[in-house]
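**Q**
In the working numbering, the protein residues as written are 120 to 312.
Here's what the structure looks like:
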């Protein structure tokens with residue numbers, strides 16, 4: 120199976136497993152610190168989906184996980200801009216693995232590439248996309264009446280307290296899982312078709 124064959128049975132099965140992992144990590148093993156701040160390692164399955172299955176499959180994992188997670192959590196309203204961050208993470212991880220590094224990132228010499236990919240996408244997601252989309256969510260869905268720039272500043276400062284550690288832990292977890300699982304398991308599934 121090649122990475123661009125999104126709808127092959129094995130690819131769909133792997134996507135389903137990663138979606139389930141993401142929902143469990145995001146909805147059941149996370150800590151909601153405030154209305155706009157949640158500590159979670161939900162990015163790990165999305166990052167792995169992008170790296171292992173490619174940008175399109177990763178984006179689908181992120182999008183479906185977000186929609187199903189919203190339904191399962193009982194939020195009632197799915198806010199599409201919030202899904203933009205995880206989708207972007209999956210796409211960037213998939214593109215960097217396939218086109219920038221041109222590697223499956225399992226070799227010991229590729230560890231820095233995995234860490235760089237996860238850290239850069241984590242910073243973009245947490246401090247750029249996430250700050251903007253949670254501020255929009257706060258105004259549009261929650262009915263917050265504060266000025267948008269004040270919400271941006273507040274959300275950015277709030278994220279500075281937890282997101283750097285989360286990004287580092289995500290990078291370490293992704294590197295460990297990628298090294299431990301890709302060659303013995305995922306690689307065999309991906310190369311069969």
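Glycine included, every Cβ here is placed at the ideal spot set by N, Cα and C.
All values reported here derive from a predicted model rather than from experimental measurement.
Please give the ranges of any alpha helix (DSSP H) in the region 149 to 217, keeping only runs that are unbroken, at least 4 residues long and fully inside the region.
**A** As far as the region 149 to 217 is concerned, its whole alpha helix (DSSP H) runs of at least 4 residues are 162 to 172, 174 to 192 and 199 to 214.
**Q** Quick test of your reading: residue 169 and residue 209, contact by CB under 8 Å. State the CB separation rounded to the nearest angstrom.
**A** If you number the chain shown from 1, residue 169 lands on position 50. If you number the chain shown from 1, residue 209 lands on position 90. That pair is a contact at about 4 Å.
**Q** Assuming residue 263 and residue 270 make a contact with CB atoms under 8 Å, what is their CB distance in whole Å?
**A** Here the question's residue 263 lines up with position 144 in the chain shown. Here the question's residue 270 lines up with position 151 in the chain shown. Contact holds; Cβ gap of about 7 Å.
**Q** For residue 293, report the span of its alpha helix (DSSP H) as first-last.
**A** Here residue 293 corresponds to residue number 174 of the chain shown, with the count starting at 1. Where residue 293 is concerned, the enclosing alpha helix (DSSP H) stretches over 267 to 300.
**Q** Could you pull the start and end residues of the alpha helix (DSSP H) that residue 257 belongs to?
**A** In the chain shown, counting from the first residue as 1, residue 257 sits at position 138. Looking at the DSSP string, the run of the alpha helix (DSSP H) that includes residue 257 is 249 to 259.
**Q** Secondary structure at residue 125, three-state DSSP: helix, strand or coil?
**A** Locating residue 125 in the chain shown gives position 6, where the first residue counts as 1. Here residue 125 sits in coil by DSSP.
**Q** Roughly how many whole angstroms lie between the Cα atoms of residue 127 and residue 164?
**A** Along the chain shown, read from residue 1 onward, the residue named residue 127 stands at position 8. Along the chain shown, read from residue 1 onward, the residue named residue 164 stands at position 45. If I take the Cα positions, the gap works out to 19 Å.
**Q** What residue range is occupied by the uninterrupted alpha helix (DSSP H) comprising residue 235?
**A** Residue 235 sits at position 116 when you count from the first residue of the chain shown. First-last of the alpha helix (DSSP H) with residue 235: 230 to 242.
**Q** Here's the rule I'm using: 16 or more other beta-carbon atoms within 10 Å means buried, otherwise exposed. How should residue 256 be labelled?
**A** Residue numbering aside, residue 256 sits at position 137 when the chain shown is read from its first letter. Flag for residue 256 reads buried.
**Q** For residue 189, which of 167, 267, 288 and 142 has the nearest alpha-carbon?
**A** Indexing the chain shown from 1 puts residue 189 at position 70. Here the closest residue by C-alpha is 142.
**Q** Excluding the 5 residues flanking residue 138 on each side, which residues of the same chain have their C-beta closer than 8 Å to its C-beta?
**A** What you label residue 138 is simply residue 19 of the chain shown in a count that begins at 1. Answer for residue 138: 164, 180, 183, 184 and 187, listed in chain order.
**Q** Can you check whether the CB of residue 172 is closer than 8 Å to the CB of residue 130?
**A** Walking along the chain shown from the start, residue 130 turns up at place 11. Walking along the chain shown from the start, residue 172 turns up at place 53. Cβ atoms of residue 130 and residue 172: closer than 8 Å.
**Q** Taking the alpha-carbon positions, what's the residue 146 to residue 193 distance?
**A** If you number the chain shown from 1, residue 146 lands on position 27. If you number the chain shown from 1, residue 193 lands on position 74. The alpha-carbon atoms of residue 146 and residue 193 are separated by roughly 10 Å.
**Q** How many angstroms separate the CA atom of residue 237 from the CA atom of residue 136?
**A** Numbered from 1 along the chain shown, position 118 holds the residue referred to as residue 237. Numbered from 1 along the chain shown, position 17 holds the residue referred to as residue 136. The straight-line gap from Cα to Cα measures roughly 20 Å.
**Q** Tell me whether residue 302 is buried or exposed, calling it buried when 16 or more other Cβ atoms sit within 10 Å of its Cβ.
**A** Here residue 302 corresponds to residue number 183 of the chain shown, with the count starting at 1. The residue in question, residue 302, is exposed, as its Cβ has fewer than 16 Cβ neighbours within 10 Å.
**Q** DSSP three-state label for residue 130, please.
**A** Residue 130 sits at position 11 when you count from the first residue of the chain shown. Helix at residue 130.
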